Each structure stands twice: as structure tokens, then as C-alpha cells.
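What follows is one structure encoded as C-alpha cells, with my remarks underneath.
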Amino acid sequence: MNKLWIKWIFLVVFAVLFLGGCQKQEVPVSNPEENQYVIYYLNTGITRLEPVEYVTETRDVLDLIQELYQQLCTVPADLDAASPLSSKVELQRLQWDQNVLYMYFDANYTMMSSSQEILCRAALTKTMTQIPGVE
């Protein structure tokens with residue numbers, strides 16, 4: 001009987017320790033009505049997106065596009081992440097027409113690896129489509 005109790009206690013302690021390590025990571029949520037947006041950076045391994053909450057006072061769509069783009073290019077010092085765009089890549093121009101945002105980059109954009117380009121597109125899309133009026 002003693003061995004059975006020891007096994008049960010061991011099982012319960014193991015389950016508590018195992019399940020205690022399974023915490024959900026809190027993901028920031030955008031709320032454009034309250035000027036809260038999520039900027040998507042790359043993790044240091046350049047394997048996935050890192051969402052970071054950003055609050056602004058800007059309401060104008062074109063100004064907001066510019067501001068969020070600048071935030072994408074400038075990673076906060078306290079964040080262990082990378083910009084989705086290389087410092088060599090420059091935005092040539094952007095055009096916002098009937099809820100569609102067109103972003104034109106220089107030739108350095110094509111020099112990115114395919115995996116970085118996919119993550120870059122995802123970061124740009126997920127960040128910019130939070131703006132009301134950009135689909």
C-alpha cells in the first residue's frame with residue numbers, strides 16, 4: 001500500500017510540474033479605435049514573427065502607414081528582435097488606392113533570402129492591414 005501512495009504522489013507532483021510549464025504566451029492584440037497596433041518584427045533566428053504592441057496618436061491613414069513603416073524599420077533597443085527589412089532595403093514609394101496599399105522597394109529587396117522575404121511580406125501585411133482603410 002505504501003508503494004502505491006508513493007507512486008500516486010510522484011505522479012501528481014510530476015503532473016503539476018509538467019503542466020505548470022505549459023503557460024500560454026500573451027499575444028498583443030490591435031485595437032485601432034484606441035490607437036493600439038501590433039508591429040511584427042522577426043525573432044533573432046529569423047524563423048518567426050515577434051508581435052509587439054505599439055500605441056500612437058496618429059489617425060490619418062497615410063501618416064499612420066508612414067509611422068508604422070518607420071516602426072517596422074526601427075527595432076526598440078530593449079527588444080531582442082530584428083527588423084523584417086534589411087537596412088539596405090529602401091522604400092521607393094507607396095501608394096494607397098481604394099483600400100489597397102502598394103509598397104515599392106529598391107532592388108535590394110530582391111537580394112533577401114526566400115525565407116526572409118516571406119517573413120518580411122507577412123510582417124508588412126500583418127502590420128499594415130490593421131490600419132482602418134487598408135485591406
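Position 65 of the sequence shown, counting from 1, maps to 65 under the UniProt record's numbering, and the rest follow consecutively.
Built from N, CA and C at the ideal position, the CB exists for glycine as well.
Remember, predicted model here, so these are calculated numbers, not experimental data.
Proximity winner among Pro132, Ala123, Thr129 and Met128, relative to Asn43 (alpha-carbon distances): The sequence position of residue 43 within the sequence shown is 43, counting from 1. For the residues Pro132, Ala123, Thr129 and Met128, the minimum Cα distance to Asn43 belongs to Ala123.
Same chain only: Cβ atoms within 6 Å of Val134, ignoring 5 sequence neighbours per side: As a working mapping, residue 134 is identified with position 134 in the sequence shown. The beta carbon of Val134 is closer than 6 Å to those of Leu101 and Met128 in its chain, skipping five residues each way along the sequence.
C-alpha gap between Leu85 and Ala107, whole angstroms: Here the question's residue 85 lines up with position 85 in the sequence shown. Here the question's residue 107 lines up with position 107 in the sequence shown. Distance between the alpha carbons of Leu85 and Ala107: 13 Å.
Glu57, enclosing alpha helix (DSSP H) - first and last residue: As a working note, residue 57 is residue 57 in the sequence shown. Per DSSP, Glu57 is not a residue of any alpha helix (DSSP H), being assigned neither H nor E.
Any 3 or more C-beta pairs closer than 8 Å across the region 30-42 and the region 70-84: Because the criterion of three Cβ pairs below 8 Å is met, the region 30-42 and the region 70-84 touch.
Neighbour-count burial assignment, Ile119, 16 or more Cβ in a 10 Å radius: Translated into the one-based positions of the sequence shown, residue 119 becomes position 119. The sequence given here has Leu at residue 119, not Ile. Taking every protein chain shown into account, the CB of Leu119 has 16 or more other CB atoms within 10 angstroms, so this residue is buried.
Expected contact under 8 Å - CB spacing of Pro32 and Gln130 to nearest Å: If you number the sequence shown from 1, residue 32 lands on position 32. If you number the sequence shown from 1, residue 130 lands on position 130. 6 Å between Cβ atoms; contact.
Classification of Ser30 by the beta-carbon crowding that lies within 10 angstroms, buried from 16 upward: Taking the first residue of the sequence shown as 1, we reach residue 30 at position 30. Using a 10 angstroms sphere on the CB of Ser30, the tally of other CB atoms reaches 16 or more, which defines it as buried.
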